[in-house]
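K.L.:
Chains as they are written, first to last, in the numbering used here: chain P, 2 to 629; chain B, 1220 to 1371.
Right, I'll just put the structure down here and ask away after.
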């Protein structure tokens, strides 16, 4: 009976009473299919989704054919109605497979309608011509089965290409199973038409293909945990390889972005990471456009996963989270998975994966997402540790700097103080001993000069302290920088350097006059200090792009390139400055930067060792107030 | 006085008793030459003028090299030495003097906290911690002047 030959691909052992190798293969194949049915049926009970239902339907149909064949063998004869049921169920198999394809990827409705029509035509033709099926009907049924199976195999392969990790492997296994199954049916259907000598070979080949399809389906639909882990490993390894260098990225946001990319690559979905913010007690997500989205714990999937500390999976996000429905519709999201990122007791955030369609193997994806979330936790935690260590180091550095500063300041104050104290005492002794003696004018001048030096140092120290509190700049008024520069330049005409101002017009802005004067004074004195005698100091003042610009140019010793980035920092002095020859605490330029920045301006320097330096200042002219 | 400037073997080979064997300054040589070394001209001028006003024969030097030249030329009884100076600092000056076998007493002048340690490092007889007052300066100079290392 011909239909029997089609259905017997699963029930072949019944055909032959001898238990040979082929029978064994056939029995094993049947067992595998029944096992898969039990596995997917149990899963469908636990997680009743459409995909799980279709899987159960598919393997249920196969199990039914096996069962009826076994029953038929037991009762010794096969009822004609049983055979027709078998044929109908068998013909429905590829159609159920097509439904399964549609569950996780899109099948064009034309294909679906075509498959339904083909199924109907096949069933009608089979019943109309039963029990003697003519060859064209057999060929039709066989080719229908083959064509739909191969279509499904291709759809699975294409879907696998878009997936990652375990899902990809499982899709590939299912695709292989579908090809083997389709080919097996083709061979089973063609065997009766073949030469009798070839039939045995074809039968053996069919048995092997049947076993192959069973094993492939088993791996695809119900893979053992060990295999799932093995399949996950390459993805995890790739993720970890990338992740190893992440904690050292400059910003936490960079790390978040890399982790998101890694998770997206590993799962074939869109990934977002939200980090817990202690200040706001919310989860913060960073959008691509630079905006942030805050999510309260307990709301949305992320907030719920964070609060419950377990993964949340939804295949119907619009229904499960109505608050985000508009967003899910706009972005065509059909499945969301949120997994908490937690390091030990520390709740760091949430990893959210979203896809257009629910993953066919949710368990695998939840496992992978949890693993990725754990890895993200490790990375973020090491980042936090690095940050903490950096903070501790910075604190230690600040303490050390403060101590250095105190000792430097003490040292610098003691030097002029020595002259003031000893010289004043000596003047007093002289005046007491010999009231009529002429005044020691040199000694008096030294006391005056060193007292001024002391006052200057103390002033710098106070300014540095004010600067740290951000209140260096006080009352503002319209100031003409060109005039101010002229005043500063001609202030100390006795200096061995000539100070020249180059300004073609007044440059007026709203500034703290005293501070801008101090700024110019510091720059000019600096230039004089580090320049050979008789070389000119040029002060250029002009207006450019809404900014008041000042350039103080000298032909002094210059600043080594390595020192340039730190030159405006506190206590920073260029390495080619001999701090015994040039007195100072290294606060001058630090204060200059403070004055400029509190005015909302910029300060920078161009310099070449041995050729000289040019200090540039740009202050906003429209409004001197701080911009930020 | 003569053997104070006689050169002699390097410091390591000198018998430990050589210092004690040196004759003390003559009692009437109260106002012998004192060399003041400091790169800060205010301190240099102040200390020099005070000591000169007190009757000392004062030579001043504003660098390490000037100090060495002055020692060779004036053979001072005492050196007031600033430690932190450009090019040739106090340590280098002390080393150069000892290397030439010259063991004129040195008083270290410094604003650093580690004045005592620095004084020990260069084998100085004592130190003046900046800022020092008039009495401190005069008492220290008087104590070590020409002592060959021992207070008078």
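For glycine and all other residues, C-beta sits at the position ideal for the given N, C-alpha and C.
On a Cα-Cα basis, can you pick out the residue from 352(P), 176(P) and 183(P) that is closest to residue 142(P)?
P.N.:
183(P)
K.L.:
Does residue 1272(B) get closer than 8 Å to chain P when you measure Cβ to Cβ?
P.N.:
yes
K.L.:
Could you name the residues of the same chain whose beta carbon sits closer than 7 Å to that of residue 424(P), not counting the 5 residues immediately before and after it, in chain order?
P.N.:
For residue 424(P), where only same-chain residues beyond five positions count, the Cβ hits under 7 Å are 444, 447 and 448.
K.L.:
Have a look at residue 123(P) and residue 92(P) and give me their C-alpha separation to the nearest angstrom.
P.N.:
8 Å
K.L.:
Can you give me the C-alpha to C-alpha distance between residue 1363(B) and residue 1273(B), rounded to a whole angstrom?
P.N.:
Rounded to the nearest angstrom, the two C-alpha atoms are 16 Å apart.
K.L.:
On a Cα-Cα basis, can you pick out the residue from 1343(B), 1290(B), 1261(B) and 1331(B) that is closest to residue 453(P)?
P.N.:
Here the closest residue by C-alpha is 1261(B).
K.L.:
Strictly by DSSP, which residues pair up with residue 617(P)?
P.N.:
552(P) and 605(P)
K.L.:
Could you have a look at residue 588(P) and say whether DSSP puts it in helix, strand or coil?
P.N.:
DSSP places residue 588(P) in the coil class of the three-state scheme, outside both helix and strand.
K.L.:
Please say whether residue 272(P) and residue 282(P) have beta carbons closer to each other than 8 Å?
P.N.:
no
K.L.:
Select from 349(P), 244(P) and 543(P) the residue whose C-alpha is nearest the C-alpha of residue 340(P).
P.N.:
349(P)
K.L.:
Is the number of C-beta pairs between the segment 391 to 411 of chain P and the segment 1341 to 1349 of chain B that are closer than 8 Å three or more?
P.N.:
They do not touch, by the three-pair rule.
K.L.:
Quick one: what's got a C-beta closer than 6 Å to residue 595(P)'s C-beta in the same chain, skipping five residues either side?
P.N.:
468 and 473
K.L.:
Of all the alpha helix (DSSP H) runs that stay within the bounds of the segment 1264 to 1345 of chain B, which reach a length of 4 or more residues?
P.N.:
1283 to 1293, 1309 to 1318 and 1334 to 1340
K.L.:
Would you call the segment 222 to 234 of chain P in contact with the segment 303 to 314 of chain P, where contact means no fewer than 3 C-beta pairs closer than 8 Å?
P.N.:
As far as the Cβ criterion goes, the segment 222 to 234 of chain P does not touch the segment 303 to 314 of chain P, which means the pair count is below three.
K.L.:
Could you pull the DSSP bridge partners for residue 278(P) from this structure?
P.N.:
Residue 278(P) is bridged by DSSP to 283(P).
K.L.:
What ranges does the alpha helix (DSSP H) occupy inside the segment 467 to 494 of chain P, keeping only unbroken runs of at least 4 residues that lie completely in it?
P.N.:
482 to 490
K.L.:
Based on the DSSP output, what are the partners of residue 295(P) in its beta bridges?
P.N.:
285(P)
K.L.:
Please identify the residue among 554(P), 507(P) and 588(P) whose C-alpha is closest to the C-alpha of residue 463(P).
P.N.:
588(P)
K.L.:
Can you round the beta-carbon distance between residue 34(P) and residue 67(P) to whole angstroms, since I take them to be within the 8 Å contact cut?
P.N.:
So it is a contact: roughly 6 Å between Cβ atoms.
K.L.:
Using the beta-carbon count (16 or more within 10 Å), is residue 618(P) buried or exposed?
P.N.:
So residue 618(P) ends up on the buried side.
K.L.:
If we call anything under 8 Å between Cβ atoms a contact, is residue 1297(B) one with residue 1328(B)?
P.N.:
no
K.L.:
Would you kindly work out how many angstroms separate the C-alpha atoms of residue 632(P) and residue 480(P), rounded to a whole number?
P.N.:
No statement about residue 632(P) is possible, as the shown extent of chain P runs from 2 to 629 and does not include it.
K.L.:
Inspect the beta-carbon positions of residue 149(P) and residue 96(P) and report whether they are closer than 8 Å.
P.N.:
yes
K.L.:
Tell me where the beta strand (DSSP E) around residue 510(P) begins and ends.
P.N.:
From DSSP, the beta strand (DSSP E) with residue 510(P) extends over 509 to 512.
K.L.:
Flag residue 221(P) as yes when its Cβ comes closer than 7 Å to any non-hydrogen atom of the ligand FAD, and as no otherwise.
P.N.:
The model on display carries no ligand, and the ligand FAD is accordingly not part of it.
K.L.:
Contact criterion: CB-CB distance below 8 Å. Does residue 415(P) meet it with respect to chain B?
P.N.:
yes
K.L.:
Can you tell me whether residue 459(P) is buried or exposed? The criterion is at least 16 other CB atoms within 10 Å of its CB, across all chains shown.
P.N.:
exposed
K.L.:
Which whole-angstrom value is the C-beta distance of residue 419(P) and residue 1349(B), which I expect to be below 8 Å?
P.N.:
4 Å
K.L.:
Would you call the CB atoms of residue 296(P) and residue 318(P) closer than 8 Å?
P.N.:
no
K.L.:
Taking a cut of 9 Å between CB atoms, which residues from the segment 411 to 441 of chain P lie near chain B?
P.N.:
411, 412, 413, 414, 415, 416, 417, 418, 419, 420, 421, 422, 423, 424, 425, 426, 427, 429, 430, 431 and 441
K.L.:
State yes or no: is the C-beta of residue 46(P) within less than 8 Å of the C-beta of residue 60(P)?
P.N.:
no
K.L.:
Alpha carbon to alpha carbon, how far is residue 1355(B) from residue 1322(B)?
P.N.:
23 Å
K.L.:
If you measure beta-carbon to beta-carbon, which residues of the segment 549 to 569 of chain P are closer than 7 Å to chain B?
P.N.:
Residues of the segment 549 to 569 of chain P with a C-beta less than 7 Å from any C-beta of chain B: none at all.
K.L.:
Would you check if the distance between the CB atom of residue 604(P) and the CB atom of residue 510(P) is smaller than 8 Å?
P.N.:
no
K.L.:
If you draw a straight line from the alpha carbon of residue 308(P) to that of residue 371(P), how long is it in whole angstroms?
P.N.:
Cα to Cα, the separation comes out at about 15 Å.
K.L.:
How about residue 1361(B): is its C-beta nearer than 8 Å to some C-beta of chain P?
P.N.:
no
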